[in-house]
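Okay, structure first, notes after.
Number of protein chains: 2
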Amino acid sequence: MSTPLAHIVDDDEAIRDALTWLFRTREVASAEWSSAEEFLAAWQPEWRGCIVLDIRMREMSGLECFDVLQEQGNTLPVIFLTGHGDVPMAVSALKKGAFDFLEKPFEDNALVDVVIRALAKDAKRQASQASQASVANHLALLTPREQEVMNLVLAGKFNKVIADELSISMRTVEVHRARVFEKMGVRSAVELAQLLAPSRDKGSGSDSGEH
Amino acid sequence: MSTPLAHIVDDDEAIRDALTWLFRTREVASAEWSSAEEFLAAWQPEWRGCIVLDIRMREMSGLECFDVLQEQGNTLPVIFLTGHGDVPMAVSALKKGAFDFLEKPFEDNALVDVVIRALAKDAKRQASQASQASVANHLALLTPREQEVMNLVLAGKFNKVIADELSISMRTVEVHRARVFEKMGVRSAVELAQLLAPSRDKGSGSDSGEH
DNA sequence: GACTCAATTGTGGTCATCCGCAGTGTGGAA
DNA sequence: TTCCACACTGCGGATGACCACAATTGAGTC
Numbered sequence: 002m003s004t005p006l007a008h009i010v011d012d013d014e015a016i017r018d019a020l021t022w023l024f025r026t027r028e029v030a031s032a033e034w035s036s037a038e039e040f041l042a043a044w045q046p047e048w049r050g051c052i053v054l055d056i057r058m059r060e061m062s063g064l065e066c067f068d069v070l071q072e073q074g075n076t077l078p079v080i081f082l083t084g085h086g087d088v089p090m091a092v093s094a095l096k097k098g099a100f101d102f103l104e105k106p107f108e109d110n111a112l113v114d115v116v117i118r119a120l121a122k123d124a125k126r127q128a129s130q131a132s133q134a135s136v137a138n139h140l141a142l143l144t145p146r147e148q149e150v151m152n153l154v155l156a157g158k159f160n161k162v163i164a165d166e167l168s169i170s171m172r173t174v175e176v177h178r179a180r181v182f183e184k185m186g187v188r189s190a191v192e193l194a195q196l197l198a199p200s201r202d203k204g205s206g207s208d209s210g211e212h
Numbered sequence: 002m003s004t005p006l007a008h009i010v011d012d013d014e015a016i017r018d019a020l021t022w023l024f025r026t027r028e029v030a031s032a033e034w035s036s037a038e039e040f041l042a043a044w045q046p047e048w049r050g051c052i053v054l055d056i057r058m059r060e061m062s063g064l065e066c067f068d069v070l071q072e073q074g075n076t077l078p079v080i081f082l083t084g085h086g087d088v089p090m091a092v093s094a095l096k097k098g099a100f101d102f103l104e105k106p107f108e109d110n111a112l113v114d115v116v117i118r119a120l121a122k123d124a125k126r127q128a129s130q131a132s133q134a135s136v137a138n139h140l141a142l143l144t145p146r147e148q149e150v151m152n153l154v155l156a157g158k159f160n161k162v163i164a165d166e167l168s169i170s171m172r173t174v175e176v177h178r179a180r181v182f183e184k185m186g187v188r189s190a191v192e193l194a195q196l197l198a199p200s201r202d203k204g205s206g207s208d209s210g211e212h
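Written out as structure tokens, the structure reads:
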């Protein structure tokens, strides 16, 4: 199991050591990576925690690393560290979904606070995603026909009408319907609607932002 | 009705004129305000569009103006303009929900693009909020007893059980239930659940759920 | 060929929902 | 006082939902 970790990605060993020590004294578990490439090679989508990413590194920069991560579906909050960032860089990073953007030198407390908030955010995201994934798993257990019937049930149609539209008997609809309820772990169409309602929205927001 | 406007808030008349001219040539409707105070005094929550806010102004700064707006429930996207912003300022503004943060000098095209995206975002937000408000209006038509029954219906309970919990007859529950459907403009509990699924908090829940 | 699984259908019955009809009682507004 | 909105109730019937029991067919697997 992956424990939540603050992943420190920086090619400066002195800084890595300092951050590792800082996090250890604040009881924040962390891991060290000496380059963006090394981190990307190891990165797994199921990791939890957050990423503390230095912008200026010898090979791949932190910003490039961030882009690659986002393409690969990373959901971990990313905190950028930079010695000489400019405003457009910070704005771009945040608009692309970075969690925060800190200029060196920064207060130890400030960084730790941000990391702790990032860890909390990831934990929350993880929780809500877990329940959504569970629904998706149950949904995957349904046969095509069952899904078809389910959709019509959710459209509020009577079994009679569903039978008609699918050109099958009412009895068959009842059987499918019962199996859908059973497999989805609900006891009524109302519960089913509520279970599926949150995940039935369209479009993922691009940029967002509440805090 | 309020047309979507790009509200230009800047105490420098030359800049206001330039922006107004720029927007007009791009067919973006705009309005001018010569100070944060003037804008705040006129501001109405139902306005649509976006706000182009200069940071450095004589009296109240753009950042202060932004804080006041957020407190008052502003939902319009805010685009900051600044001649000499620093990274922490930009980061803070974006994390507090600003739409964008542009440093002068900027390309005309860049600003117009941002404004157009901001207007689009507001239009989208407005649309989704409208349907939500409509649901709220319908909910407000329900009598207290009807809302109570509705919550129990949405909990997936049988009329019999609802009658029991409220210590009334089944027939009365049926009457309330029918009125709820009628007033909410739905024809079944499933439709009701879907209508209310995105936005809802528990009220008057007696016992909690199982499953 | 035996076996599993998805899809299909019927019978007959129970329980829940929905509705029209016909009322009672209460508290506030005109 | 009259009118009205709200809450409440009973009866009986039509319709829908759910279920146990019992089967058939075709596709794909072992």
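Going down the list, the sequences are from chains A and B. The first sequence begins at 2 in the numbering used here and counts up by one. The second sequence begins at 2 in the numbering used here and counts up by one. Even glycine gets a Cβ: it sits at the ideal position worked out from N, Cα and C.
How far does the beta strand (DSSP E) with residue i in it extend, from its first residue to its last?
{"i": "residue 82 of chain A", "result": "79-83"}
{"i": "residue 34 of chain A", "result": "31-34"}
{"i": "residue 55 of chain A", "result": "50-55"}
{"i": "residue 7 of chain B", "result": "6-10"}
{"i": "residue 102 of chain A", "result": "101-104"}
Let me confirm a value: residue i is counted as buried when at least 16 other C-beta atoms fall within 10 Å, else exposed. Which label applies?
{"i": "residue 15 of chain B", "result": "exposed"}
{"i": "residue 107 of chain A", "result": "exposed"}
{"i": "residue 22 of chain A", "result": "exposed"}
{"i": "residue 84 of chain B", "result": "exposed"}
{"i": "residue 195 of chain B", "result": "buried"}
{"i": "residue 235 of chain B", "result": "Outside the displayed span of chain B (2 to 212) sits residue 235 of chain B, for which this structure offers no information."}
{"i": "residue 20 of chain B", "result": "buried"}
{"i": "residue 186 of chain A", "result": "exposed"}
{"i": "residue 105 of chain A", "result": "exposed"}
{"i": "residue 74 of chain A", "result": "exposed"}
{"i": "residue 158 of chain B", "result": "buried"}
{"i": "residue 142 of chain A", "result": "exposed"}
{"i": "residue 164 of chain B", "result": "buried"}
{"i": "residue 17 of chain A", "result": "buried"}
{"i": "residue 43 of chain A", "result": "exposed"}
{"i": "residue 60 of chain B", "result": "exposed"}
{"i": "residue 128 of chain A", "result": "exposed"}
{"i": "residue 28 of chain B", "result": "exposed"}
{"i": "residue 131 of chain B", "result": "exposed"}
{"i": "residue 206 of chain B", "result": "Caution applies to residue 206 of chain B, whose pLDDT of 33 falls short of 50 and renders its modelled position unreliable; the value that the coordinates give is listed next. With fewer than 16 Cβ atoms within 10 Å of its Cβ, residue 206 of chain B is classed as exposed."}
Just to confirm, is the Cβ distance from residue i to residue j under 8 Å?
{"i": "residue 66 of chain B", "j": "residue 37 of chain B", "result": "yes"}
{"i": "residue 30 of chain A", "j": "residue 6 of chain A", "result": "yes"}
{"i": "residue 92 of chain B", "j": "residue 91 of chain A", "result": "yes"}
{"i": "residue 56 of chain A", "j": "residue 81 of chain A", "result": "yes"}
{"i": "residue 76 of chain A", "j": "residue 118 of chain A", "result": "no"}
{"i": "residue 71 of chain A", "j": "residue 98 of chain A", "result": "yes"}
{"i": "residue 50 of chain A", "j": "residue 123 of chain A", "result": "yes"}
{"i": "residue 111 of chain B", "j": "residue 120 of chain B", "result": "no"}
{"i": "residue 190 of chain B", "j": "residue 181 of chain A", "result": "no"}
{"i": "residue 160 of chain A", "j": "residue 175 of chain A", "result": "yes"}
{"i": "residue 113 of chain A", "j": "residue 101 of chain A", "result": "no"}
{"i": "residue 52 of chain A", "j": "residue 10 of chain A", "result": "yes"}
{"i": "residue 150 of chain B", "j": "residue 197 of chain B", "result": "no"}
{"i": "residue 58 of chain A", "j": "residue 12 of chain A", "result": "yes"}
{"i": "residue 184 of chain A", "j": "residue 139 of chain A", "result": "yes"}
{"i": "residue 47 of chain A", "j": "residue 3 of chain A", "result": "yes"}
What is the residue span of the alpha helix (DSSP H) that residue i lies within?
{"i": "residue 28 of chain B", "result": "No alpha helix (DSSP H) holds residue 28 of chain B; DSSP gives it neither H nor E."}
{"i": "residue 70 of chain B", "result": "63-72"}
{"i": "residue 95 of chain B", "result": "88-96"}
{"i": "residue 120 of chain B", "result": "109-141"}
{"i": "residue 39 of chain A", "result": "37-43"}
Checklist line | Interfacial residues, the stretch 175-193 of chain A to chain B, with Cβ spacing under 7 Å | finding: For the stretch 175-193 of chain A, which is checked against every Cβ of chain B, the residues closer than 7 Å are 186, 187, 188, 189, 190, 191 and 192.
Item checked: Residues from the stretch 134-168 of chain B in contact with chain A, defined by Cβ distance under 7 Å -> Going along the stretch 134-168 of chain B in chain order, one finds 155 and 157 with a Cβ nearer than 7 Å to chain A.
Next item on the list: Scan the stretch 149-194 of chain B and note each continuous beta strand (DSSP E) run of 3 residues or more that stays entirely inside, going in chain order.
Entry: As far as the stretch 149-194 of chain B is concerned, it has no whole beta strand (DSSP E) run of at least 3 residues.
Next item on the list: Please name the residues in the stretch 15-43 of chain B whose beta-carbon is closer than 7 Å to at least one beta-carbon of chain A, in chain order.
Entry: Flagged: no residues at all.
Note to self: Which residues of the stretch 112-132 of chain B have a Cβ closer than 7 Å to any Cβ of chain A? Give them in chain order.
What the structure shows: Those residues of the stretch 112-132 of chain B that come within reach of chain A (Cβ to Cβ, closer than 7 Å) do not exist; the list is empty.
Notebook entry, point to check: Given a limit of 9 Å on CB to CB distance, which residues of the stretch 61-88 of chain B reach chain A?
Noted result: Of all residues in the stretch 61-88 of chain B, 83, 86, 87 and 88 have a Cβ within less than 9 Å of some Cβ in chain A.
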